[in-house]
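Residues -20 to -1, 1 to 234, numbered by mature numbering (1 follows the signal peptide of the UniProt record, and there is no 0), are exactly what the sequence shown covers, in order. The structure appears below as structure tokens.
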Amino acid sequence: MIKVLASAALAVGLSLSASAADKLLYELRTYHAEPGKLDALLTRFRDHTCKLFEKHGMTNVGYWVPVENKDNVLIYLLSYPDKAARDAAWKGFLSDEDWKKAAAASEVNGKLVGKIDELYLTSTDFSPGFPGPANSGADRVFEMRTYTTRDGLLPALHKRFNDHTIELFKKHGITNLGYFKLNEGQPDAANTLLYFLAHKDQDAATKSWTEFRADPVWVAAKKASEDANGGSLTVLPDGVKNVFLKPVDFSPVK
């Protein structure tokens, strides 16, 4: 039953608006590879892990590594119908004999992963969502951005994105993908917006951001929202963080 639901999500859920997508549970996982082990980790995902995820009802959404990957990390996004489906899927995956064999064979010379970070996410009402498995035909660069607001101002930030920011991103050649809020119970869940963008390439990203920040409509919208809320919506000085990502060869979305 889980596999059927996940297949339906892959076929339609990722290509619909947030009204459908926000019914899904997303899991953002960051694997910190041991020194010199990132290539072996990617090989294990390519040859075994992704297929076994699908077998157990998980939807592979996207897989990336940072453009400047000094910390040897793999970042990927999965989706599930709900938390119960997530837990059942992982239980089945971890007990799968094919997974145990693949893991053991890949770790003959030592473990591949030193640390795993997990975040549980739900789409915002204004999230365009990720498309189904698709290759844009170009070497796009992706961008993951995390905003931490001052206490109580996440709704104001959501409103600014919904009313202004998303359309201005489009105007300046930036592709909007998934926009997420953190599920309750996680650190800073009430104050965090995490989202993904795509750009034609790194130069295009620089050009788009420069033009966006200088756009009079954005300048006015930003000022109005800050005037109404007593200053910057995000905490200063580091309430906005970003990392540029490139998709790996087996990522459903490129």
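From the three backbone atoms N, C-alpha and C, an ideal C-beta is built for every residue, glycine too.
What residue from the options has the CA that sits closest to residue i's CA?
i: Leu74; options: Leu137, Thr29 and Ala118; result: Thr29
i: Ala13; options: Lys63, Trp44, Ser86 and Leu92; result: Leu92
i: Tyr6; options: Val47, Pro61, Asn52 and Pro15; result: Pro61
i: Lys95; options: Gly109, Lys221 and Pro15; result: Pro15
i: Asp207; options: Arg140, Glu164, Glu191 and Arg193; result: Arg140
i: Phe192; options: Trp70, His152, Phe25 and Phe176; result: His152
i: Trp44; options: Leu57, Asp51 and Gln166; result: Leu57
i: Ala204; options: Pro111, Asp143 and Asp105; result: Asp143
i: Glu34; options: Asp76, Val199 and Asp105; result: Asp76
i: Glu48; options: Lys226, Val233 and Lys234; result: Lys226
i: Arg24; options: Trp70, Thr39 and Val88; result: Val88
i: Ala65; options: Asp78, Lys3 and Ser107; result: Lys3
i: Lys17; options: Gly90, Ser107, Phe110 and Asn163; result: Gly90
i: Pro113; options: Gly42, Asp27, Arg130 and Lys50; result: Gly42
i: Leu51; options: Phe106, Asp27, Tyr11 and Pro108; result: The amino acid at residue 51 is misidentified as Leu; the sequence shows Asp. The shortest Cα separation from Asp51 among Phe106, Asp27, Tyr11 and Pro108 belongs to Tyr11.
i: Asp168; options: Pro196, Lys187, Pro111 and Gly132; result: Gly132
i: Arg130; options: Asn209, Arg26 and Lys234; result: Asn209
i: Asp78; options: Leu162, Asp27, Tyr127 and Ser59; result: Asp27
i: Thr190; options: Leu8, Lys71, Ala200 and Phe149; result: Phe149
i: Val199; options: Asn163, Ala20, Thr145 and Tyr127; result: Thr145
Rounded C-beta distance between residue i and residue j? I'm assuming under 8 Å.
i: Glu123; j: Ala185; result: 7 Å
i: Val228; j: Leu32; result: Between Leu32 and Val228 the Cβ distance is about 17 Å, and since that is not below 8 Å, they are no contact.
i: Arg125; j: Val53; result: No, Arg125 and Val53 are not in contact; Cβ-Cβ is about 17 Å, not under 8 Å.
i: Ser103; j: Gly158; result: 6 Å
i: Ser36; j: Val121; result: The question names Ser, but residue 36 is His in the sequence shown. That pair is no contact at about 31 Å.
i: Pro217; j: Asn156; result: That pair is no contact at about 26 Å.
i: Met38; j: Ala69; result: 5 Å
i: Phe160; j: Pro46; result: 19 Å between Cβ atoms; not a contact.
i: Val233; j: Pro111; result: 6 Å
Indicate the three-state DSSP secondary structure (helix, strand or coil) for residue i in the structure shown.
i: Leu162; result: strand
i: Ala85; result: helix
i: Phe33; result: helix
i: Phe25; result: helix
i: Lys95; result: strand
i: Gly109; result: coil
i: Ala13; result: strand
i: Gly90; result: coil
i: Ala1; result: With a pLDDT of only 43 at Ala1, under 50, the local geometry of the prediction cannot be trusted, and no value is derived from it.
i: Phe122; result: strand
i: Pro61; result: coil
i: Leu133; result: coil
i: Glu77; result: helix
i: Pro232; result: coil
i: Pro227; result: strand
- request: Tell me the start and end of each unbroken alpha helix (DSSP H) in the stretch 141 to 225 that is at least 4 residues and wholly inside, in chain order.
  value: 146 to 151, 182 to 194 and 196 to 208
- prompt: Okay, do the stretch 213 to 224 and the stretch 129 to 146 touch, 3+ Cβ pairs below 8 Å being the bar?
  reply: yes
- request: Take every Cβ of the stretch 168 to 185, pair it with every Cβ of the stretch 68 to 86, and state whether three or more of those distances are shorter than 8 Å.
  value: no
field: Cβ contact check for the stretch 162 to 179 and the stretch 97 to 104: 3 or more pairs under 8 Å
entry: yes
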